[in-house]
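Those protein sequences? They're chains D and X, same order as listed.
The first sequence lines up with residues 1 to 428 when you count with my numbering.
The second sequence lines up with residues 1001 to 1579 when you count with my numbering.
All residues carry an ideal CB built from backbone N, CA and C; glycine is no exception.
Everything below concerns the one structure shown next.
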Amino acid sequence: MNEALIIGERPIRHEQAATRPLRVPSPWRRCSVRLTMIVALLTAFGLVMSVSAARADELAPMLAKRLLLTGLAIMGFLMAARIDYRTWRRHHLGLLLVAVAALAALFAPGLAMAKNGARRWMNTGLPLGLQPSEFAKLSLCVWTAAYCERNLREMGSFVRGFLAPLTVIGATCMLILWEPDFGTAVLIGAVCACVLLVMGARLTFALLIAAASFPLAYQLVFGVPYRLRRVLVFLNPWDDPRGAGYQLIQSLVAIGSGGVRGLGLGMSQQKEAFLPGATNDFVFSVVAEELGFIGAALLIALFCLLLWESLKVIRRSRSPFAFALSTGLTLLLGVQAAAHIAVASGSVPTKGLALPFISAGGSSLIASMIAAGILVNIARAGEDPEYEPSPWEDEAPAYEVIIRRVLDGMRQIGGRMLAGVANMGGAR
Amino acid sequence: MSTNITGAGRPLKTRATVTVGAVLLIFLLLLCRLAHLQLAQADFYRRYANQQQILSRSLSACRGRIFDREGRLLAASVQRNSVFADPKAIDDPRASAAALASALDLDPERVETKLQKDAYFVWLRRQLSDQLALRVRTMDVPGVHMRAESKRMYPQGTLAAHIIGFTDVDGRGLAGVEKTMDALLRGLPGAETVLCDGGRHVFRSSLDRLSKQPSAGLDIHLTIDAYIQQIVEEELNTAAIRHAPQSAAALVLDVRDGAILGCASWPGFDPGAPTQSPTSHQRNIIVNSAYEFGSVMKPFCVALALEAGVVEPETEFNCQNGQWRIGRRLLHDAHPYGTLSVSDIICHSSNIGAAQIGLALGAERLHDGICSFGFGHPTGISLPGEVGGIVRPLPAWNDYSVVSVSFGQELAVTPLAVARAFAVFPNHGYLVQPRIIRRVSKPGGETIYEASEPMLARRVLSARTAAEVMKMLRLVVTEGTGKRAQLEEYPVAGKTGTAQLLRPDGRGYSDRRYLASFVGIAPADDPRLVALVCLKAPSKNGYYGGVAAAPAVREILRRTLHYLHVPPRQAPKIEGVST
């Protein structure tokens, strides 16, 4: 069969092809274009909801802030879509180090803005705080993908394929957990672990690790009183409608009272000081209240389309790194959206997670758009017949070489010292 | 176009597909959850939402005003700001309390206690002056808010305080006309349905079809004339200062229709701040107190005897030179008299003479007659707490009761009842219904009730008897005990009373404490007014009714008649009576 006769993925019968002129593939058939459209729709939806979910008295500043953030996010998206994704692979170590440094900086006095007892925002001197954990998600995804590509053949081994990358991921997550931001930490950990599994790590190890870390998880959940209350209360918020169950009940009331058609854009009553976090962690409830089941289902459908198109990008990616990175980013967006909706609808314990593209948080919006931009870039690479995946070795940037040498040196020195200790001033 | 993943190609793709597929499946489950919430349980949550979002609040109606008979404003409600706090929203109670206390003139510690309460609402100070409200507003303490409330104002100050009464801070009438007319003054509260937010603050003001506008209360027009009221209060005050009584009361009644033109109790109080004076000052003596009035009651006994034909005005009685033993009781007159006609008995107020007339009339006729004058029952005037007084039932009368009742002991009556009964004589024998409410109107002015016709309760005496008694009462002023009530411009009729008060321990009568009273009718030739002044236990400058009370009645009558433009008669000599 002739290559040129394949349009899209459907072969056309020979005799028909002979009589018709060659058709240029429609741009709508391309994943990159579809992804861009979906992201544009979600962004527009988020812009409308930011106004709609704002209380009347804070509408103007909310809109101004959101317009500025949307502009920044679109710039981020366009840049990510244009920058060759291999650049991220080249700088994966640098990105990780910057993310870890930024997360660690939150613990330095004066740099963090404490809100509700959590140090999640970096003080920028502007009204807009920077949330390093949002960008750490992307960095960790990039690092995980790069690690998987480099160690692709050893992914089946326990130490190389599982324990080593999980240690790095776990350490970063611990930093986020200490802010404390339980939701984001769990999300990143879960997504990166999934990427490892997809890239060949053995499920047995994962189950083993899960079983081994059960006491730790138990301590995390049951050790801190408010987490335990949050964990338990979602099962029956009506036990304590004015206390621990208040936010969830208000969220359920928002969703439930929306009915089929909703109250209309901007008509939410629950946003008026009933539902805490109406523009952010519980923005989906306001969507469901104002636009009803129809609007909420539409939003879920948009996210499903995003996942669907991303899955195509994953399947058509041309290198292990692109495969792993697109998997990670897809899961990041998808799982976070699903977790947000699950929290809002009382299906899982309450955790503060933004809804990608919709919630008011600026860092979340920009990070989500950058993630989408990287996906689009990978999609474009997958659609480009000229594309040749470049070999890994040529690329290491100077700082990585230096770091690796330093690490190597330290390892050798450490090894010698260990050996020395073992020999008790022995032969060498 | 196959993917170029070195190593395990297909298994990896499958794993990725499965993973992303799992997320898609989660979305599907969430969609089911949403359908359950929004389709199956929508009604439940809608109801719950309405319950917490829709708030029905009552809109208080503007309380009606009170006017005097000439339309002068006596009581009205104005909008004032009240300060309240939300203790849960106050971070630093101590600092806030200090600031608020100095601005509001309150005790810092008490304010702090309020601000530390486990509540969402505490009043700090209600119905502030505009100046204080502005001070609080400029301070702008977080968690401290203001609400407009209506405050009752009494623009004439203490004038007619006992008649008007007062309200509590929430606008409920507690005394006076404010209490008896509360249902009319209050109006009908409206209701408003509003959307509120989580902090119970209204953000969408009203759902119109569920709201009901309040209808303002009705205006009450009293029979009181503020000018006459002022005269009455001034003269009562003058008498009270001169004689230092325990308490005192004065009253001016329009003879023709029983309208109370002015009435006062002393000591007074400020209806704008009723809590700042003792509650005893709030007693409206005119209707709330019943006394044994003594000699003032003699004309009734005489009138009944005349009506029954037992005596004629010229019938003479031996007054025993001032001492008469009847049974084991010894009666006294203030001055010893020999033989006195019935006229003279009234004129000189002889107890012994009155007792003999009473005995001639007999217990049954005396009792029934006293009752027919309206004693022993409330007059039914629209003032709260009116007492009926005490007229002992006939079977309870003992051997001396006829004698006692004849000169005004053994029966307790209110000053209003006395004044009304006196109005029988100028009214040709008819008993008139006293009243305080002249007109009720809607806030726009439309009259919905007007007391136009005088309400005559019943005929008590024949016109002839009434005229005879009027002549005797005229003589009291011209020749008898009430000379100090004599006016040059107008002929005055009247009767003095100096009654022993019961001893505080209740055992018999006091020798030192008297009820000095005088009832005057003027002008005697064409009666317009009945005026009564009584002083309880005057302590200096004389205690006789003719000394302590008569001058006050004289001045009240003189000034009131001038004010009413009653033309003065030819200035008479003291003896030149023209009855």
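Cβ pair TRP88 of chain D, ILE374 of chain D closer than 8 angstroms: yes
N- and C-terminal bounds of the alpha helix (DSSP H) containing LEU1366 of chain X: 1363-1372 is the extent of the alpha helix (DSSP H) around LEU1366 of chain X.
Endpoints, beta strand (DSSP E) assigned at GLN1079 of chain X: 1073-1085
Proximity below 8 angstroms, CB of GLY1064 of chain X to CB of LEU1188 of chain X: no
Alpha-carbon to alpha-carbon, SER285 of chain D and ALA360 of chain D: Pairing ALA360 of chain D with SER285 of chain D, the inter-Cα distance amounts to about 14 angstroms.
Rounded Cβ spacing between LYS137 of chain D and ILE188 of chain D (contact assumed at less than 8 angstroms): 5 angstroms
Minimum Cβ-Cβ distance from TYR1120 of chain X to chain D less than 8 angstroms: no
Contact with chain C by THR1193 of chain X, beta-carbon distance below 8 angstroms: Included in the structure are the protein chains D and X, with no chain C among them.
Chain X contact for ARG30 of chain D (CB, 8 angstroms cutoff): Answer no: the Cβ-Cβ gap between ARG30 of chain D and chain X never drops below 8 angstroms.
Backbone secondary structure at LYS1442 of chain X - three-state DSSP: coil
C-alpha gap between PRO1011 of chain X and TYR147 of chain D, whole angstroms: Near 19 angstroms, if we compare the C-alpha coordinates of TYR147 of chain D and PRO1011 of chain X.
Of the listed residues X:VAL1078, X:ILE1345, X:ALA1485, X:GLY1021, nearest to LEU305 of chain D (C-alpha basis): X:GLY1021
is_contact[LEU1055 of chain X, chain D] using C-beta, thresh 8 angstroms: no
Residue range of the unbroken alpha helix (DSSP H) whose run includes GLY170 of chain D: Boundaries of the alpha helix (DSSP H) around GLY170 of chain D: 164-177.
Residue environment, LEU1159 of chain X, which counts as buried when at least 16 other CB atoms sit within 10 Å: buried
Neighbour flag for ALA1026 of chain X against chain D, beta carbons, 8 angstroms: Note that residue 1026 of chain X is Ile in the sequence shown, not Ala. Among the CB atoms of chain D, one or more fall inside 8 angstroms of the CB of ILE1026 of chain X.
Close-in-space but distant-in-sequence residues of the same chain around LEU1394 of chain X (CB under 6 angstroms, 5 per side omitted): Sequence-distant partners of LEU1394 of chain X (beyond 5 residues in either direction) whose C-beta falls short of 6 angstroms from its own C-beta, in its chain, are HIS1367.
Chain-ordered chain D contacts of ALA1035 of chain X [CB-CB under 7 angstroms]: PHE293
Exposure label - ALA1354 of chain X; buried when at least 16 CB within 10 Å: buried
Limits of the beta strand (DSSP E) - the one that HIS1221 of chain X falls within: 1219-1222
Coarse secondary structure for ASP239 of chain D, derived from DSSP in three states: helix
Reference SER1401 of chain X; option with closest CA among X:LEU1361, X:GLY1322, X:ARG1015, X:ALA1334: X:LEU1361
Residue interval of the beta strand (DSSP E) (run including VAL1122 of chain X): 1122-1128
Top-ranked residue by Cα proximity to PRO356 of chain D, from D:GLY200, D:GLY262, D:ILE38, D:ARG34: D:ILE38
Beta-carbon separation (whole angstroms), GLY1262 of chain X vs VAL1232 of chain X, contact threshold 8 angstroms: 4 angstroms
Opening and closing residue of the alpha helix (DSSP H) in which SER285 of chain D lies: 283-316
Start-to-end residues for the alpha helix (DSSP H) that takes in SER251 of chain D: 246-258
Neighbour flag for CYS192 of chain D against chain X, beta carbons, 8 angstroms: No, no contact with chain X.
ALA4 of chain D versus ALA40 of chain D - alpha carbon distance: Below a pLDDT of 50, predicted positions are generally treated as unreliable, and ALA4 of chain D, at 41, falls in that range; the measurement from the model is reported next regardless. Spanning the two alpha carbons is a distance of roughly 32 angstroms.
Through-space distance from GLY1445 of chain X to ARG1256 of chain X, alpha-carbon basis: 26 angstroms
Min CB distance GLY1198 of chain X to chain D below 8 angstroms: yes
Which of helix, strand or coil DSSP assigns to ASN423 of chain D: Note: ASN423 of chain D maps to helix in three-state DSSP.
Simplified DSSP assignment, three categories, for GLY1176 of chain X: helix
ARG1046 of chain X - containing alpha helix (DSSP H), residue span: Segment 1042-1053, the alpha helix (DSSP H) holding ARG1046 of chain X.
Contact list for SER368 of chain D against chain X, beta-carbon separation under 9 angstroms: Going along chain X, no residue has its Cβ under 9 angstroms from SER368 of chain D, so there is no contact; the nearest lies around 15 angstroms.
Distance between VAL159 of chain D and LEU430 of chain D (C-alpha atoms, nearest Å): Residue coverage of chain D in this structure runs from 1 to 428, which leaves residue 430 of chain D outside it and unanswerable.
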